[in-house]
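S.K.:
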Amino acid sequence: MKNSTFASENHIENQFLSELIQETMALTYRLFLQLIRRPSTLIAGILQPLIWLILFGALFSKAPVGLLPGGIGYGNFLGAGVIVFTAFSGALNAGLPVMFDREFGFLNRLLVAPLRSRSSIVFASVIYITSISLLQSFAIMAMAYFLGYGWPGLAGLLLVVATLLLLVFAVTALSLGLAFVLPGHIELIAVIFVANLPLLFASTALAPISFMPGWMGWLAAINPLTFAIEPIRAAYGGSFNLGNVLLHAPYGDVTGYQCLIILMGLTIGLFLLISPLLNRKLA
Amino acid sequence: MTVIELRELKKSYGNVKALDGLNLEVPSGVLYGLLGPNGAGKTTALRVISTLIAPDSGIVRVAGLDALKQARAVRSRLGYVAQEVAIDKILTGRELLRLQAALYHLPTSDLAKRIEWVIESLDMKLWIDRRCGTYSGGMRRRLDLASGLLHQPQLLVLDEPTVGLDIESRSAIWKLLRDLIGQGTTVLLSSHYLEEVEALADRMAILDEGRVIAEGTPSQLKKELGGDRITLRIREFSNEAESEEVRQLIQKVEGVRQVVVNKSQGFSLNLVVDGDEVISLLRAQLSAAQLPVFAITQSKPSLDDVYLQATGRTLMDAELAVAGKRDIKLESKKSMR
Ligand SMILES: Nc1ncnc2c1ncn2[C@@H]1O[C@H](COP(=O)(O)OP(=O)(O)OP(=O)(O)O)[C@@H](O)[C@H]1O
Ligand SMILES: [Mg+2]
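Below you can see the structure in the form of structure tokens.
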């Protein structure tokens, strides 16, 4: 008797999981079909960071050697910034398809379906955006290698991927949350537009904190992008130790582990923040 | 058994009361029609039933479940087809049906068969593998309906399912709905087409300003609200003064509810009366006043008459308003693409 209840509970749990996977995969498949049939965003998304890398790298190619901390060249310094910024802006756009689905009534089709969990809508977006981000990042890293800006090596590669995943999860969650709260795509695009470039400039993507005036150093030192850029830059620096101090912030030194913990905290916090929005009845 | 039970539903948007104490009971296995002018609250009511929006207050029971607490269980028993077609232009019709099947967790074993069945039922074979962006309005509607049917729900909720369809597609959908009723499905649909409700519905309700103002079978409603119609002509071509005089005279006859002079038909007189004896009373009254009778006919009311009487609006008004509204929506959509 006891055994059979146990078995049926197990069965229900299995069913829950298999149905969650079924709906998530179907929603993800739809996003990829759209991408393949409308590839222009993907092509632009890969070309744009490559152009950044080439032009920005060239802009500072004759900067005096030894200008940057650790005596590395500017191209080498820039790679991490371009990778993180590209992943960040991609993830910031994650809410747009959901917003269009809302506006065209397609989201209602999903909301009247007996989804196991509406989180599958979020999971599908996360899988989709993460795949694109990784694809873009590998393109940037390959290009950086050919431009002679270095290659992170195997351990470094793992660190790059882990850091990117944390950042992409967090920003995707944020963007989806905005897609559920803001009235329409015009407002969402406005927020994305306003958030994008200032976050880039007020981070260590293009220059180290030591180059910035005090107030800006503060901004860069609390900017989430910085906490993703520094571990990736360390990975590019050859043999790295996450216990080392990677960032000399105005409020104190931050180690590699601390960077990753901050990103993880941000991701968890944002997911907790958006989960009630999903179950709110969207009018 | 009752499939849908709504009690004292209220829902406001700002100071617009979309639902204002709505009560509705839909028995199992019938086709139930909702009629009402634009803004009456039909769509709002259907969205509450489909768990898309929660009412401000009131009770919603669907298939014996509390739709506000057991929303997921309700969703799996219900198919909802919205007033505005929601398709993905990039996917083909078949891909959309497959997505729909996965969202309803249909077992892969009979999935292909089910999809073939809806394609067959709605005659979509020729174009189902084309991208939805290339479909005509009628094709989109049919695909939308197909995706609502795919999981063979116990209850089908359709918001104006045949708007903008040609006669052929409309009668194909009517036939399908009749077949579904025959198999025990309950269908709740809203419509602006009286002949649609008259042809299909076993029961119906007329909504206005968020409330039910009349409910019953179409023939009951005709009997209760309608009253019989009498058309009276004194002579072949009368004039306004004379018709007006006659109107004054026969208005006092017992059983006559209302008399109007119809200018567009040679100043004939249109009467709403109760009972069959009125016609002989009228004849007696007219001959006492030494007036001739060129023609007098009595007829049962149409649903159109019922609607007019219940809402104080003609169907023509409602249809014109819908046509106007549709255009604006369509254009704003087009400009967004
Ligand atoms: N999301 C919303 N925001 C604001 N007002 C709304 C919203 N949805 C409905 N309303 C209002 O609620 C009222 C009822 O609207 P509803 O869509 O239910 O009418 P309807 O009977 O379906 O009309 P139609 O025949 O035109 O489709 C209208 O006055 C409408 O303006
Ligand atoms: Mg409506």
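Taken in sequence, the protein lines are chains A and B.
The first sequence begins at 5 in this note's numbering and counts up one residue at a time.
The second sequence begins at 115 in this note's numbering and counts up one residue at a time.
Beta carbons are placed, not taken as given, at the ideal position from N, Cα and C, and that holds for glycine.
If you're wondering where the values come from, they're calculated on a predicted model, not measured in any experiment.
Hey, is the region 87-101 of chain A in contact with the region 181-189 of chain B, meaning 3+ C-beta pairs nearer than 8 Å?
M.R.: Verdict: no, contact absent.
S.K.: What is the chain-ordered set of residues for which the beta carbon lies under 7 Å from any non-hydrogen atom of ligand 2?
M.R.: Qualifying residues come out as B:K156, B:T157, B:Q197, B:D273, B:E274, B:S304.
S.K.: Using DSSP bridges, identify the partner residues of B:T345.
M.R.: Paired residues: B:N384, B:T411.
S.K.: Under the rule that 16 or more other beta-carbon atoms within 10 Å means buried, what is A:T271, buried or exposed?
M.R.: Label assigned to A:T271: buried.
S.K.: Nearest to B:E209 by CA position, among B:Y146, B:A177, B:S261, B:L291, is which residue?
M.R.: Residue B:S261 is the option with its Cα nearest to B:E209.
S.K.: Does B:A328 get closer than 8 Å to chain A when you measure Cβ to Cβ?
M.R.: Not an interface residue.
S.K.: Should B:M115 go down as buried or exposed, given a rule of 16 or more other Cβ atoms within 10 Å for buried?
M.R.: Classification of B:M115: exposed, given that the 10 Å Cβ count is below 16.
S.K.: Just tell me which of B:L396, B:G150, B:R121, B:R371 has its CA closest to the CA of B:V387.
M.R.: It is B:R371 whose Cα lies nearest to the Cα of B:V387.
S.K.: What number of angstroms, rounded off, separates the C-alpha of A:L180 from the C-alpha of B:L166?
M.R.: Between A:L180 and B:L166, the C-alpha separation is close to 19 Å.
S.K.: Can you check whether the CB of B:I204 is closer than 8 Å to the CB of A:R42?
M.R.: Contact: yes.
S.K.: Helix, strand or coil for A:E191? Go by DSSP, reduced to three states.
M.R.: Of the three classes helix, strand and coil, the one that applies to A:E191 here is helix, per DSSP.
S.K.: What is the DSSP secondary structure of A:E234, counted as helix, strand or coil?
M.R.: Here A:E234 sits in helix by DSSP.
S.K.: Which residues mark the beginning and the end of the beta strand (DSSP E) in which B:I320 is found?
M.R.: Element bounds for B:I320: 317-322.
S.K.: Does the contact criterion of 3 or more C-beta pairs under 8 Å hold for the region 211-218 of chain A versus the region 166-186 of chain A?
M.R.: Not touching, per the Cβ criterion.
S.K.: Suppose the cutoff is 7 Å on Cβ atoms and the five residues either side in sequence are ignored; what does the same chain contact list for B:L405 look like?
M.R.: The answer, listed in chain order, is I348, V360.
S.K.: Between B:L133 and chain A, is any beta-carbon pair separated by less than 8 Å?
M.R.: It does not; no Cβ of chain A falls within 8 Å.
S.K.: Using a cut-off of 8 Å between C-beta atoms, extract the partners of A:A117 located in chain B.
M.R.: Going along chain B in sequence order, the residues near A:A117 (Cβ under 8 Å) are R189, Q214, L217, Y218.
S.K.: Got a sec? Which residues, its chain only, sit under 7 Å from A:F104 by beta carbon, not counting five neighbours each side?
M.R.: If we look at A:F104 and ignore the five residues flanking it on each side, its Cβ neighbours are H189.
S.K.: For A:F231, collect the residues of the same chain with a Cβ closer than 6 Å to its Cβ; drop the 5 residues on either side in sequence, then sort them by chain order.
M.R.: Contacts found: C263, I266, L267.
S.K.: For B:A196, which residues in chain A fall below 9 Å Cβ to Cβ?
M.R.: What B:A196 touches in chain A: G109, N112, R113, V116.
S.K.: Pairing CB atoms from the region 296-313 of chain B with CB atoms from the region 271-280 of chain B, are three or more of them under 8 Å?
M.R.: The region 296-313 of chain B vs the region 271-280 of chain B: in contact.
S.K.: At 4 residues or longer, what runs of the alpha helix (DSSP H) sit wholly inside the region 143-195 of chain B?
M.R.: Within the region 143-195 of chain B, the complete alpha helix (DSSP H) runs of at least 4 residues are 156-163, 185-191.
S.K.: Is it buried or exposed for B:D258, if we count other Cβ within 10 angstroms and need 16 for buried?
M.R.: Its Cβ being crowded by 16 or more others within 10 Å, B:D258 is buried.
S.K.: Check A:N80 in the structure and name its three-state DSSP category.
M.R.: Helix.
S.K.: Rounding to the nearest angstrom, what Cα-Cα distance links A:S129 and B:D280 in this structure?
M.R.: Cα-Cα distance, rounded: 39 Å.
S.K.: Using a Cβ cut-off of 8 Å, pull out every chain A residue sitting near B:D243, in sequence order please.
M.R.: Here the premise fails: no neighbours, minimum Cβ distance about 14 Å.
S.K.: So, does the CB of B:L335 fall closer than 8 Å to a CB anywhere in chain A?
M.R.: Not an interface residue.
S.K.: Does the separation of the CB atoms of B:A226 and B:L264 fall below 8 Å?
M.R.: The answer is no: Cβ separation not under 8 Å.
S.K.: Please identify, using Cβ separations under 7 Å, the residues of the region 157-169 of chain B that lie next to chain A, in order along the chain.
M.R.: Of all residues in the region 157-169 of chain B, S164, T165, L166, I167, A168 have a Cβ within less than 7 Å of some Cβ in chain A.
S.K.: Should B:N152 be listed as close to ligand 1, given that the test is whether its C-beta is under 7 Å from any heavy atom?
M.R.: Yes.
S.K.: Are the C-beta atoms of B:L429 and some chain A residue less than 8 Å apart?
M.R.: Note that B:L429 scores a pLDDT of 42, beneath 50, so its modelled location is shaky and nothing firm can be said.
S.K.: Please classify B:S126: does DSSP put it in a helix, a strand, or coil?
M.R.: Three-state result, B:S126: strand.
S.K.: Does at least one heavy atom of ligand 1 sit under 7 Å from the Cβ of B:V130?
M.R.: Because some heavy atom of ligand 1 lies under 7 Å away, the Cβ of B:V130 counts as near it: yes.
S.K.: Short check: CB of A:A117 to CB of B:Y249, under 8 Å?
M.R.: Contact flag unset, no.
S.K.: Candidates B:E323, B:Y307, B:I327, B:L335: which alpha carbon is nearest B:R317's?
M.R.: Out of B:E323, B:Y307, B:I327, B:L335, B:L335 has the C-alpha closest to the C-alpha of B:R317.
S.K.: Interface residues of chain A around B:A177 at Cβ under 7 Å?
M.R.: The premise fails here: B:A177 is roughly 12 Å from chain A at the closest Cβ pair, so nothing lies under 7 Å.
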